[in-house]
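2 protein chains.
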Amino acid sequence: MSEDTKPSYKIAVLGGTGAEGSGLAYRWSRAGCEVVIGSRDPARAQACAAELMTLPGAGAVRGASNEDAAKFADIVVLTVPYAAQQSTVLPLKDALRGKILVDVTVPLKPPKVDRVSLPSTGSVVAALQNELGAETRVVGACQNVSAHHLKDPHHQIDCDVLICGDDAQACDLVVALTELAGLRGIHAGPVANSAAAEAMTSLLIFINKKYKVKGSGIRITGLPA
Amino acid sequence: MSEDTKPSYKIAVLGGTGAEGSGLAYRWSRAGCEVVIGSRDPARAQACAAELMTLPGAGAVRGASNEDAAKFADIVVLTVPYAAQQSTVLPLKDALRGKILVDVTVPLKPPKVDRVSLPSTGSVVAALQNELGAETRVVGACQNVSAHHLKDPHHQIDCDVLICGDDAQACDLVVALTELAGLRGIHAGPVANSAAAEAMTSLLIFINKKYKVKGSGIRITGLPA
């Protein structure tokens, strides 16, 4: 794809001051997207944005409140701890209407984060879709991508992104978005299927400890090259 | 490992007349294990065993009732549909005492088998461990391995086996067992973590359809070679 036709998206990363959110924000800014880091504390978001812009090849990154970030963007990415998932998003219901919400939430239950603890209702991403209603298209993604190497732009991250959502077009767009971040996105079914990716994160944390590695991941095999 | 020191196990495969069970049974028989195919219908089990013994390099395989198979073996492998999981195993509680039960059960919900449908209690393998009590060590394994190539002994199956159980020694043994079947087994945590592997099977079925492939699988990345 030539530079001229490269798609550019307006992306907000809510809870974007953490390692996963800021790493993804950096990669999308490098790829030419307009990125806003959202945080409960706008000053912290601005400081994080300023730091990202010192990294090699970083593009435009701003910091803002979660609400302002959500209003600005076409695509809103959520990278907050599970305990903050609904309290961060539900007050933004109006701002999110008509948009795509990429939810990276994993229901980890400290201190046993290496033990699967899906709620009895299943996927927490699907639960958020239920809360928001069909006007916001929620897509689960990136739950298995270790933050470890996201800020090294030349590191080829050896992990696929399982993309689960009920709207096929929204999923297509999130596949494109993961590719802009240097990752391979795989269509993995309806939003209910996000449960598998959410659960898998606890296994990867277990595997990291058991095998003394830092960023284990998953690959889907058997696909055409 | 030399031929002399190769470990040999007495393995029963309950529900072993299906594609997954008979494929695993064949591979273990080739590796020198004593294998008994179990079925509700002993005659069907015997016919299946006779057929397996015509395959290249097959070792000793017998057919028996599920109960006789479970009594014979040290390691009992369960490869039945979810609907038959508890009704197959619970009558064998006495025969399973002191043994390892490798549970391959996946809670698929026909006709939507490409949609995750874990019960509200989570892992169905963990539920079986609860039912059987600590005297039988239950280990979830092989849920993501497509049956497609199991009967081709030279096919290197491109899929890891996530091994989840509460007893570390039992998990070690199941890792060894998967290696005898030509697969890589990965310690993936307590039996509750089996939920991730059980859910993943629905994603792989979705991916097979979406990408028009036959046997997609998963690999864990980032581990030492």
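First to last, the sequence lines map onto chains A and B. So the first sequence is numbered by this note's numbering: it starts at 1131 and just counts up by one. So the second sequence is numbered by this note's numbering: it starts at 1131 and just counts up by one. Built from N, CA and C at the ideal position, the CB exists for glycine as well. None of these values were measured; they are calculated from a predicted model.
- Of all residues in the region 1307–1333 of chain A, only 1316, 1317, 1318, 1319, 1320, 1322, 1323, 1324, 1325, 1326, 1327, 1328, 1329, 1330, 1331, 1332, 1333 place a beta-carbon less than 9 Å from a beta-carbon of chain B.
- A distance below 6 Å between beta-carbons, with the five flanking residues on each side excluded, links residue 1167/B to the following residues of its chain, in chain order: 1143, 1146, 1155, 1175, 1178, 1179, 1193.
- Taking a C-beta cut-off of 9 Å against chain A, none of the residues of the region 1209–1234 of chain B qualify.
- Beta-bridge annotation (DSSP): residue 1142/B is paired with 1166/B, 1206/B.
- Proximity of the region 1340–1351 of chain A to the region 1236–1247 of chain B falls short of the contact definition, fewer than three beta-carbon pairs being nearer than 8 Å.
- Per DSSP, reduced to three states, the secondary structure at residue 1230/B is strand.
- By the beta-carbon neighbour count (other beta carbons within 10 angstroms, threshold 16), residue 1347/B is buried.
- Excluding the 5 residues flanking it on each side, residue 1231/A has same chain C-beta neighbours closer than 6 Å at 1206, 1266, 1268, in chain order.
- Under the Cβ criterion of 8 Å, residue 1343/B is counted among the residues facing chain A.
- DSSP places residue 1178/B in the uninterrupted alpha helix (DSSP H) bounded by 1172–1182.
- Going by DSSP, residue 1189/A is part of no beta strand (DSSP E) at all; its letter is neither H nor E.
- Within its own chain, the residues whose Cβ lies closer than 7 Å to the Cβ of residue 1281/A, once the five positions on either side in sequence are excluded, are 1153, 1156, 1185, listed in chain order.
- Around the beta carbon of residue 1209/B, 16 or more other beta carbons sit within 10 angstroms, so the residue counts as buried.
- Residue 1150/B and residue 1213/B have their C-alpha atoms roughly 16 Å apart.
- Residue 1276/B sits in coil when the DSSP states are folded into three classes, being neither helix nor strand.
- Closer than 8 Å to the CB of residue 1347/A there is at least one CB belonging to chain B.
- Secondary structure note for residue 1151/A: its alpha helix (DSSP H) is the uninterrupted segment 1149–1160.
- In the three-state DSSP reduction, residue 1289/A falls in the coil class, being neither helix nor strand.
- Around the C-beta of residue 1319/A, 16 or more other C-beta atoms lie within 10 Å, and the residue is accordingly described as buried.
- Annotation for residue 1251/A: no alpha helix (DSSP H) segment contains it, and DSSP assigns it neither H nor E.
- About 6 Å separates the CB atoms of residue 1279/A and residue 1345/A; that is less than 8 Å, so the two are in contact.
- Under DSSP, residue 1350/A takes part in a beta bridge, and its partners are 1348/B.
- For a Cβ distance threshold of 7 Å, residue set 1351 of chain A lies close to residue 1289/B, ordered along the chain.
- Not a single C-beta of chain B is nearer than 8 Å to the C-beta of residue 1202/A.
- Residue 1241/B does not reach chain A, its nearest Cβ partner there being about 14 Å away, counting only Cβ pairs nearer than 7 Å.
- Beta-bridge partners of residue 1195/A (DSSP): 1169/A.
- When 9 Å is used as the limit between beta carbons, residue 1244/A is near these residues of chain B: 1319, 1320, 1323, in chain order.
- The alpha carbon of residue 1201/B has as its nearest neighbour, out of 1211/B, 1221/B, 1217/B, 1215/B, the alpha carbon of 1221/B.
- A Cβ-Cβ distance of about 7 Å is found for the pair residue 1274/A and residue 1292/A, placing them in contact under the 8 Å criterion.
- For residue 1340/A, the C-beta contacts it makes with chain B under 9 Å involve 1316, 1317, 1318, 1319, in order along the chain.
- In the three-state DSSP reduction, residue 1269/B falls in the strand class (E or B).
- The region 1306–1314 of chain B and the region 1300–1318 of chain A do not touch, with fewer than 3 CB-CB distances between them shorter than 8 Å.
- For residue 1331/B, the enclosing alpha helix (DSSP H) stretches over residues 1324–1340.
- By DSSP's assignment, residue 1284/A forms no beta bridge with any residue.
- For the 8 Å CB-CB criterion, residue 1199/B and residue 1160/B do not form a contact.
- With a contact defined as Cβ atoms closer than 8 Å, residue 1234/A and residue 1271/A qualify at about 7 Å.
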